[in-house]
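Q: Protein chains in written order, with our numbering: chain A, 22 to 488; chain B, 22 to 488; chain C, 22 to 488. Here a beta-carbon is modelled for each residue, glycine too, at the ideal position from N, C-alpha and C.
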């Protein structure tokens, strides 16, 4: 079955014949290695229920805001794409997508969709108005069969490890169901994502904290109780297999306050009286405390900063979050992370994986930090950057300073379940291309290249994410 | 005649034979498409009067501050290059330029000049001290013939559309003359560039505003009158064929103030009492109002921010503006443009074309903004960035996120009339090279590639600039 | 002997056969040109004493914090690498390094080490646990012979010019010894590096200033005396052959204060009462005065800004500075340098060489500044950026705007004496590759390419550094 998932022989490899041949050899050596997906957004419920996917549009368009945003940017109303709960005929959604498929030429989303249709559904014809109905029918027919239920695909995709992203108050019942399922070979685990309990300036911060304390069964009102609630819930996650926490912030400011100062700021936040600046300070202190908990409980800490969420308020109010208008911000790590790293950057066993959507920090900040601090790993290019050319730029920017062994391996970061194999395949091919160029230029030898491609594909994610 | 303007067969194409062949095929398909030049600085007076160009130095050196600045940077006095009204023998200016031509090796200006001499004047010999006089004589002789008058060149260059850049108070008589000329086939239109009426902190802001009101025939003193004067002058420009406005600012901060607050700041500015911070706020509010006018009158809004003008005051005072020391600044769009985009980013028919001289924003800010907001288009690499390698970086940074169909097509942004064909040719060749690589890497198919090269060359500028 | 130092025929050259052949031809034309090393950190004492190097670990690992930091980042204690004066068996240090050599795959340090072992010691076997002892023995045996003493290597390496980096209070006796040595053909000169006398907020600033005044034999207490002391010491350096000064700052802010204001700030600093903001202002004023002194005494001014030194305080306290945790910062030049450039950017004979570890400024700020100001030269990619891919990015970012003739030539910036040849070889190869691509793409002709490679290798450093 695995050959069904193989992309074109030369796909994404360099055009120079000598380098292409070598890159091909490197790629072949890892092409069928089990997928390790330590950060993504596949709902655990899909695998818990194993219900068939609803229809082609729902599966491949409606919930993929990479696809819907670009259609919208080109003038297609979000309502007509079934966004915000709008009723829309799935076949019509598919037609408008297929008819406008040229808009995706050269994009990461376009490549993923094309290769997903080809490798998963055997569809070779390019999407267009002319092929809209036939491709819809082909996909719909497949989705009605057991082979295309979530668990069957999980197995067919060769996914060995899959981490979901979850709310700290989640009871993780779906994960328990999956763990108990005899037809799921992959290890599917939750990730502790406490963002919404870490925004002291949010109007509903007190209620969120109350919910967290409640979920944890922790009494008390102060900052120490708040921290204890996190500890309890982290332990709950760890008991369900979690190996990591994940943190998304606009600015990765960290702080290391005195206990008294932290209590004071937290109390102000709980009274709804904290200002924006102090809220950033308190959040920065909470981040440092999260690092401290990671030192204690071993959960890997991921940091995904630098995005202005919901940039267009009217769209947010009408269609909700994750509708395509989260826009990156210039981001600074060297000074912002210093308080946290001063405390825990050299702590035994602590792993801090840094992501960015600001490419300028790869060579300037992330690689130098990863090249010194034992705790720091350079996360894979993420979000807008998990695309072929951006992956090249990442490797070129990071490797000369930090090598391959302080990088954490690819993450797919996706809700688009069917695109997971092609995304990982993309990373493997571009890594192979990059490594092959180093050989072609006499910078590493062939044996080292073979070792490195295996290590970045499997060894490093296994080690960094403590699998 | 067109073949005279063809650059070398392989020029600017990739070295890999397979990719080069494909890139060549893509390039050939658009090589002779009419030039669409929606932003530039050719004086309308040249085409209105159709007077012969004065001499080789005046045409190719004196007014091209890309050329004069680099000679100056290497020790050649600006006076000796005829700058600041200094008397200088044109043949001597040409000699010093030719004798120092190695300084331009690898620069965009060097490539443009070399290819201009070759394709327009048939000069194949490299510029040097040895060839200075003979090339001067060849060019001077050509300039004395009718074939080298501005209108003849406009036709020979295959320019279909040419936008100039004009002061809001300009009566546009030159444009009327051109429009009435029977020997001008190209559409030559003005662009509304109100920068100098939008700097509230400038000492002469009150006089400038008075001049604008006067030109518009608008009475009154307040901010509403000021806005009305813009509306009147924009309509005057539109009546002369303008399809766009252009805005150059150091920081692209935008604001959306209450009417009362705007009136108050404007009144302070008119009294010469506004401070620097409030001036930026008021200018940001004016920018948002300009967007509003564009929503109403349909003129495309261009934004060219991020340059510190006249960096060296003594040079500015002696030689004036546009003498080579405008230096780029780090620039931020995500937060700065948010107020404007919150209001008009999804408005029907509004087009906002974003340019930058800070490459870091291509992948981080401009592509994500263009990938969501229907109004936003990624402008071509501009100024220091309209060169072969920078064009590659632009396409690589933008395409994976926003595709080709939210990019606005090439602009030449030049006073150097004779270089217009080679500049557009450069963009076509590099676009072809980029698209060919995508095919070579299996990321798009051949048919899509052929469509995309045609669309980025002609369809997109036609659509984006509403031609 | 020179052939012993030749790296592999195709090393670092492009993979496309046509471009590779041309790059090879360009490289061959400069491969054996004398090395010009205008900025580095080789201790003058090594060449003054000409004592044999102690052992392989001390020479190649212990003092190369590029190597030790990456081992540490991967979990090897700094103590075990002999850092901070820790006692460690050199053979054990070498073993742990060799056993972990895969960590350096793809890094600049890895390439330099491999090529150094091959070209200097004839060691072809890759470093590994298996080869640790044999390579150690080979190197140790070589180091015991006269051919591997510092002066012999200086000659064998073909180093024609070598600048060290020195404290303003240094008596330069070692340099006098070297200058008098009959077996040193190279010109070995000091560089005036006054950083530690230019940090007004440092607790020991008054003592440092006192030491400077003492070394200069200058009486008085005020700012004018302070400046005079610099002038005297600069003259002392110039008398020992120095052609340059070097300045490392976190932020390259410059200022041009009134004399009264400068005196006031200086007096406050000497009383230990200056705050952080005013200290930056005063330092910025001192930088401008340093430029003024350069205009007067002709010493070239180097600026190496943008690094947060000693990021991890505990490591600094235990192991000292230069232990691998200096982390780059985002850096701004356009506005920060303006006060200095307004005064001296066009001054006759003044040379200001700008370096950065923030790549984003190459195209945005440094190339435009170097493309106008006669005084400004773009320094080579430095520190984390003096590696093959980063060198490519530098040339691609700078050349289109500023050409080759406003770049200052390669610097090795290293304490790792044995790596000097391979570092310069790397730059020559990558420059050859870049220039060859320009020819392949029809952007410059072959003759120009041959001229440019010679000029960037030898002519430009000779001119810029006033050798």
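Using a beta-carbon distance below 8 Å, is residue 147/C in contact with chain F?
A: In the structure shown, chain F cannot be found, because the protein chains are A, B and C.
Q: Going straight from the alpha carbon of residue 170/A to that of residue 74/A, what length do you get?
A: Counted from its first residue, the first chain places residue 170/A at position 149. Counted from its first residue, the first chain places residue 74/A at position 53. Their Cα atoms are separated by approximately 7 Å.
Q: Once DSSP output is grouped into helix, strand and coil, what is the label at residue 268/A?
A: Stepping through the first chain from its first residue, residue 268/A is reached at position 247. Here residue 268/A sits in strand by DSSP.
Q: Just the Cα atoms here: how many angstroms apart are residue 22/B and residue 419/B?
A: The residue you call residue 22/B lines up with position 1 of the second chain. The residue you call residue 419/B lines up with position 398 of the second chain. Low local confidence applies: a pLDDT of 33 at residue 22/B is under 50, so the model's placement there is unreliable, with the coordinate-based value given in what follows. Cα-Cα distance, rounded: 36 Å.
Q: With a 10 Å radius around its C-beta and 16 neighbouring C-beta atoms as the bar for buried, classify residue 154/A as buried or exposed.
A: By 1-based counting over the first chain, the position of residue 154/A is 133. With fewer than 16 Cβ atoms within 10 Å of its Cβ, residue 154/A is classed as exposed.
Q: For residue 150/C, does the count of other Cβ atoms within 10 angstroms reach 16, so buried, or fall short, so exposed?
A: Here residue 150/C corresponds to residue number 129 of the third chain, with the count starting at 1. By the neighbour-count rule (16 or more Cβ atoms within 10 Å), residue 150/C is not buried but exposed.
Q: Identify whether residue 329/B lies in helix, strand or coil by the three-state DSSP scheme.
A: Your numbering for residue 329/B matches position 308 in the second chain. Strand.
Q: Have a look at residue 70/B and residue 246/B and give me their C-alpha separation to the nearest angstrom.
A: Along the second chain, read from residue 1 onward, the residue named residue 70/B stands at position 49. Along the second chain, read from residue 1 onward, the residue named residue 246/B stands at position 225. Whole-angstrom Cα-Cα distance: 35 Å.
Q: Give the residues from the region 465–483 of chain C that approach chain B closer than 7 Å (Cβ to any Cβ), ordered along the chain.
A: Flagged, chain order: 465, 466, 469, 472, 473.
Q: If you measure from the beta carbon of residue 220/A to each beta carbon in chain B, is any gap under 8 Å?
A: In the first chain, counting from the first residue as 1, residue 220/A sits at position 199. So, not an interface residue.
Q: Applying the criterion that 16 or more other CB atoms from any shown protein chain within 10 Å of the CB defines a buried residue, is residue 367/C buried or exposed?
A: In the third chain, the residue the question calls residue 367/C occupies position 346. Buried: at least 16 other Cβ atoms inside 10 Å.
Q: If you draw a straight line from the alpha carbon of residue 93/B to that of residue 436/A, how long is it in whole angstroms?
A: Here residue 93/B corresponds to residue number 72 of the second chain, with the count starting at 1. Here residue 436/A corresponds to residue number 415 of the first chain, with the count starting at 1. Roughly 56 Å separates the two Cα atoms.
Q: Among all the DSSP beta bridges, which residues are the ones paired with residue 58/A?
A: Translated into positions along the first chain, residue 58/A becomes position 37. Residue 58/A pairs with 183/A.
Q: If we ignore side chains and look at the alpha-carbon of each, how far apart do residue 343/A and residue 331/A end up?
A: If you number the first chain from 1, residue 343/A lands on position 322. If you number the first chain from 1, residue 331/A lands on position 310. So the two alpha carbons sit approximately 8 Å from each other.
Q: If you run the structure through DSSP and keep just helix, strand and coil, what is residue 465/B?
A: By one-based count along the second chain, residue 465/B stands at place 444. Three-state DSSP puts residue 465/B in coil, outside helix and strand.
Q: What separation, rounded to the nearest whole angstrom, lies between the Cα atoms of residue 396/C and residue 321/C?
A: Along the third chain, one-based indexing puts residue 396/C at 375. Along the third chain, one-based indexing puts residue 321/C at 300. Going by the C-alpha atoms only, they are around 10 Å apart.
Q: Mapping the DSSP letters down to three states, classify residue 381/B as helix, strand or coil.
A: As a position in the second chain, residue 381/B is number 360, starting the count at 1. Coil at residue 381/B, not helix or strand.
Q: Quick one: list the residues of chain C neighbouring residue 93/B, beta-carbon separation under 8 Å, in chain order.
A: Taking the second chain and counting its residues from 1, one reaches residue 93/B at position 72. What residue 93/B touches in chain C: 393, 395.
Q: State the DSSP-derived secondary structure class of residue 339/C, mapped to helix, strand or coil.
A: Reading the third chain from its first residue, position 318 is the one you call residue 339/C. If DSSP states are grouped into helix, strand and coil, residue 339/C belongs with the helices.
Q: Using a Cβ cut-off of 8 Å (strictly closer), state whether residue 400/C contacts chain B.
A: In the third chain, counting from the first residue as 1, residue 400/C sits at position 379. It does not: the Cβ of residue 400/C has no partner Cβ on chain B nearer than 8 Å.
Q: Which of the three DSSP states, helix, strand or coil, is assigned to residue 394/A?
A: Locating residue 394/A in the first chain gives position 373, counting from the first residue. Residue 394/A: coil per DSSP, three-state reduction.
Q: Between the Cα of residue 498/C and those of 292/C, 454/C, 476/C, spot the shortest distance and give me the residue it belongs to.
A: Since the displayed chain C opens at 22 and closes at 488, residue 498/C lies outside it and no answer follows.
Q: Any beta carbon from chain A within less than 8 Å of residue 279/B's own beta carbon?
A: Taking the second chain and counting its residues from 1, one reaches residue 279/B at position 258. Residue 279/B does not count as touching chain A.
Q: My guess is that residue 82/A and residue 114/A are in contact by the Cβ rule of under 8 Å, so how many angstroms apart are they, rounded?
A: Position 61 of the first chain, counted from the start, is the residue given in the question as residue 82/A. Position 93 of the first chain, counted from the start, is the residue given in the question as residue 114/A. Confirmed, Cβ separation roughly 6 Å.
Q: Kindly indicate the opening and closing residues of the beta strand (DSSP E) around residue 210/A.
A: On the first chain, position 189 is the one that residue 210/A refers to. It spans 208–210 - the beta strand (DSSP E) in which residue 210/A sits, taken as one unbroken run.
Q: Using CA coordinates, which residue listed in 216/C, 291/C, 316/C is at the minimum distance from residue 267/C?
A: Position 246 of the third chain holds residue 267/C. Minimum Cα distance to residue 267/C is reached at 216/C.
Q: Between residue 378/C and chain A, is the shortest Cβ-Cβ distance under 8 Å, so that the two count as touching?
A: Here residue 378/C refers to the residue found at position 357 of the third chain. Yes, residue 378/C lies at the interface with chain A (some Cβ there is under 8 Å from its Cβ).
Q: Counting only Cβ pairs nearer than 7 Å, list the residues of chain C close to residue 275/A.
A: Here residue 275/A refers to the residue found at position 254 when the first chain is read from its first residue. What residue 275/A touches in chain C: nothing, since even the nearest Cβ is about 13 Å away.
Q: Nearest to residue 89/B by alpha carbon, out of 57/B, 131/B, 65/B?
A: For the purposes of this step, residue 89/B is taken as residue 68 along the second chain, with counting starting at 1. The shortest C-alpha separation from residue 89/B is found at 131/B.
Q: Touch check for the region 50–60 of chain A and the region 472–484 of chain A: three-plus C-beta pairs under 8 Å?
A: Output reads yes: the region 472–484 of chain A touches the region 50–60 of chain A.
Q: If you count every other CB in all the chains shown that lies within 10 Å of the CB of residue 467/C, and 16 or more means buried, which is it?
A: The count along the third chain starts at 1 and reaches residue 467/C at position 446. That one is exposed.
Q: Answer with yes or no whether the minimum CB distance from residue 25/A to chain C is below 8 Å.
A: On the first chain, residue 25/A is found 4 positions in, with the first residue counted as 1. Caution is warranted here: a pLDDT of 43 is assigned to residue 25/A, below 50, making its placement in the model unreliable, and no coordinate value can be reported.
Q: If we call anything under 8 Å between Cβ atoms a contact, is residue 329/B one with residue 271/B?
A: Translated into the one-based positions of the second chain, residue 329/B becomes position 308. Translated into the one-based positions of the second chain, residue 271/B becomes position 250. Against a cut-off of 8 Å, the Cβ pair of residue 271/B and residue 329/B comes out as a contact.
Q: List, in order along the chain, the chain B residues whose C-beta lies closer than 7 Å to that of residue 463/C?
A: On the third chain, position 442 is the one that residue 463/C refers to. What residue 463/C touches in chain B: 29, 31, 32, 33.
Q: Along the alpha helix (DSSP H) that carries residue 321/C, what are the first and last residues, could you check?
A: The residue you call residue 321/C lines up with position 300 of the third chain. Not the alpha helix (DSSP H): residue 321/C falls in the beta strand (DSSP E), residues 321–324.
Q: Could you give the C-beta distance for residue 164/C and residue 80/C, rounded to a whole number, given that I count them as a contact under 8 Å?
A: The residue given as residue 164/C occupies position 143 in the third chain. The residue given as residue 80/C occupies position 59 in the third chain. With a Cβ gap of about 7 Å, residue 164/C and residue 80/C count as contacting.
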